[in-house]
DNA sequence: AATTTATGTCAATAACACTGACCCTTTTCG
DNA sequence: CGAAAAGGGTCAGTGTTATTGACATAAATT
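Protein chains in written order, with the working numbering: chain A, 3 to 173; chain B, 3 to 173.
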């Protein structure tokens with residue numbers, strides 16, 4: 003028997019609820035495709051992340067990788083051990099600083115990384131086709147603003163480096 | 003070198019790499035805020051998810067909740083035990099089917115849920131302010147297309163129900 | 001020479017999810 | 001009505017992934 007309808011309904015709340023829900027489900031499906039491939043290799047998401055950031059930052063040091071991933075050294079060590087033993091990642095001793103172990107993907111690592119991101123690229127390609135490049139560009143701007151303001155420039159840098167790495171890869 | 007380096011460099015690849023990177027970092031920061039609050043209550047993300055979907059689907063049954071969360075009964079049980087013992091969630095025996103335990107948030111649960119989503123709402127509110135409602139709406143459309151096509155309507159339903167629950171909550 | 005940096009590694013712990021097995025209560029159906 | 005099915009609860013064991021803490025080694029720095 004309620005029926006008391008207040009005219010002053012705050013409509014913005016529900017809009018944000020939409021957004022929260024969409025973040026949850028979109029990310030879940032987005033990450034689900036690689037999971038299937040990873041399982042076949044007895045790898046997990048941690049392996050994926052390492053592959054991804056080593057691919058985008060060839061020659062990255064352990065310390066810098068830890069900084070990006072924000073995990074402990076011990077967590078990374080286990081994952082990295084798998085990837086090195088499986089010949090997906092290679093360590094090269096730094097030329098300037100011989101303490102550093104600079105990480106690179108092997109051809110095998112590059113191939114796996116390609117397989118992992120393929121379904122995600124396909125997903126975004128479908129979005130691009132359906133909504134057009136302008137909407138897609140604005141989606142990126144929006145996502146960038148969802149990132150903590152103090153981290154946005156770092157992400158810009160990462161993306162830039164990743165693009166450079168891919169371009170150089172053509173040699 | 004795959005032969006021809008024509009002027010038509012495949013630019014779309016790097017665009018999708020942007021997108022993948024943005025998904026990763028945006029989601030990470032998006033989820034980081036609630037984590038801090040949850041820790042203070044000795045809760046984890048699993049507790050958050052239960053609070054969220056019970057909030058959006060008052061009176062949901064255990065089976066239906068399991069279906070949304072896609073976890074096992076045993077996994078849910080542990081989390082639900084914490085929430086019920088802590089007086090955040092309440093079980094009511096179904097009126098029609100007395101086997102069912104229908105879940106509702108207590109006032110305490112509603113309060114905690116509010117605190118958890120507040121920073122996320124704030125984040126999106128900043129986006130809305132910076133880019134305007136039109137871009138934000140298109141962001142939502144884009145995110146919806148990132149979701150598996152077979153799940154989109156389910157998500158639509160969830161969002162609709164959640165909005166209805168919030169509206170009815172005014173009694 | 002002493003210290004710091006970059007990395008590796010052993011050990012213990014915790015969070016979280018899983019499988020499997022079994023139980024009780026209530027509803028459904030022959 | 002009585003048996004089977006549905007909804008839910010719980011105990012036990014396992015596995016993955018991440019954590020903290022403590023130490024060890026090699027190379028660079030001061």
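For every residue, glycine included, the Cβ atom is placed at its ideal position computed from N, Cα and C.
Quick caveat, the model's predicted, so the values are computed rather than measured.
Relative to the C-alpha of residue i, which residue among the options is closest?
i, options, result
"residue 32(B)", "57(B), 119(B), 139(B) and 169(B)", "119(B)"
"residue 132(B)", "168(A), 129(A), 147(A) and 125(A)", "147(A)"
"residue 161(A)", "38(A), 58(A) and 87(A)", "58(A)"
"residue 152(B)", "28(A), 136(A), 17(A) and 22(A)", "28(A)"
"residue 17(B)", "17(A), 156(A) and 136(A)", "136(A)"
Assign residue i to one of two classes, buried (16 or more other C-beta atoms within 10 Å of its C-beta) or exposed (fewer than that).
i, result
"residue 11(B)", "The predicted position of residue 11(B) is uncertain, since its pLDDT is 46 and thus under 50; a value taken from the coordinates is nonetheless stated next. Exposed, since its Cβ has fewer than 16 Cβ neighbours within 10 Å."
"residue 89(A)", "exposed"
"residue 122(B)", "buried"
"residue 4(B)", "Interpretation of residue 4(B) is limited by its pLDDT of 42, a score under 50 that renders its predicted location unreliable; no figure is taken from the coordinates."
"residue 87(B)", "exposed"
"residue 13(B)", "Confidence at residue 13(B) is low in this model, with a pLDDT of 49, below 50, so its placement is unreliable and the value that follows should be read with caution. Flag for residue 13(B) reads exposed."
"residue 6(A)", "The predicted model places residue 6(A) with a pLDDT of 44, which falls under 50 and marks its position as unreliable; any figure quoted below should be read in that light. By the neighbour-count rule (16 or more Cβ atoms within 10 Å), residue 6(A) is not buried but exposed."
Quick check: what's the CA-CA separation for residue i versus residue j?
i, j, result
"residue 50(B)", "residue 111(B)", "10 Å"
"residue 75(A)", "residue 64(A)", "8 Å"
"residue 140(A)", "residue 98(B)", "49 Å"
"residue 9(B)", "residue 158(A)", "Reliability fails at residue 9(B), whose pLDDT of 44 lies under 50, so the model's placement of it is uncertain and the value that follows must be treated cautiously. Taking the straight line from one Cα to the other gives about 26 Å."
"residue 34(A)", "residue 142(A)", "21 Å"
"residue 173(A)", "residue 82(A)", "Residue placement at residue 173(A) cannot be trusted, given a pLDDT of 49 that sits under 50; what the coordinates show is reported in the next sentence. The straight-line gap from Cα to Cα measures roughly 27 Å."
"residue 26(B)", "residue 138(A)", "17 Å"
"residue 78(A)", "residue 96(B)", "48 Å"
"residue 134(B)", "residue 124(A)", "28 Å"
"residue 41(A)", "residue 169(B)", "43 Å"
"residue 150(A)", "residue 69(A)", "16 Å"
"residue 156(A)", "residue 73(A)", "17 Å"
"residue 48(B)", "residue 30(A)", "14 Å"
"residue 154(B)", "residue 91(A)", "37 Å"
"residue 43(A)", "residue 80(A)", "15 Å"
"residue 62(B)", "residue 163(B)", "11 Å"
"residue 109(B)", "residue 109(A)", "56 Å"
Between residue i and residue j, which are expected to be in contact by the criterion C-beta below 8 Å, what is the C-beta distance as a whole number of angstroms?
i, j, result
"residue 165(A)", "residue 19(B)", "7 Å"
"residue 71(A)", "residue 55(A)", "7 Å"
"residue 60(A)", "residue 167(A)", "5 Å"
"residue 93(B)", "residue 103(B)", "4 Å"
"residue 85(B)", "residue 52(B)", "6 Å"
"residue 105(A)", "residue 67(A)", "7 Å"
"residue 145(B)", "residue 24(A)", "4 Å"
"residue 117(B)", "residue 39(B)", "6 Å"
> Residues in the region 46 to 79 of chain B with C-beta within 7 Å of chain A's C-beta atoms, listed in sequence order?
Replying inline: Per Cβ criterion, the list is empty.
> Going along the chain, which residues of the region 125 to 157 of chain A sit with their C-beta nearer than 8 Å to a C-beta in chain B?
Replying inline: Correct list: 125, 126, 127, 128, 129, 130, 132, 133, 137, 138, 140, 141, 142, 143, 144, 145, 146, 147, 148, 149, 150, 153 and 157.
> Taking a cut of 9 Å between CB atoms, which residues from the region 82 to 114 of chain B lie near chain A?
Replying inline: The residues in question: there are none.
> For the region 20 to 37 of chain B, which residues have a beta carbon sitting closer than 7 Å to at least one beta carbon of chain A?
Replying inline: Of all residues in the region 20 to 37 of chain B, 20, 21, 22, 23, 24, 25, 27, 28, 29, 31 and 32 have a Cβ within less than 7 Å of some Cβ in chain A.
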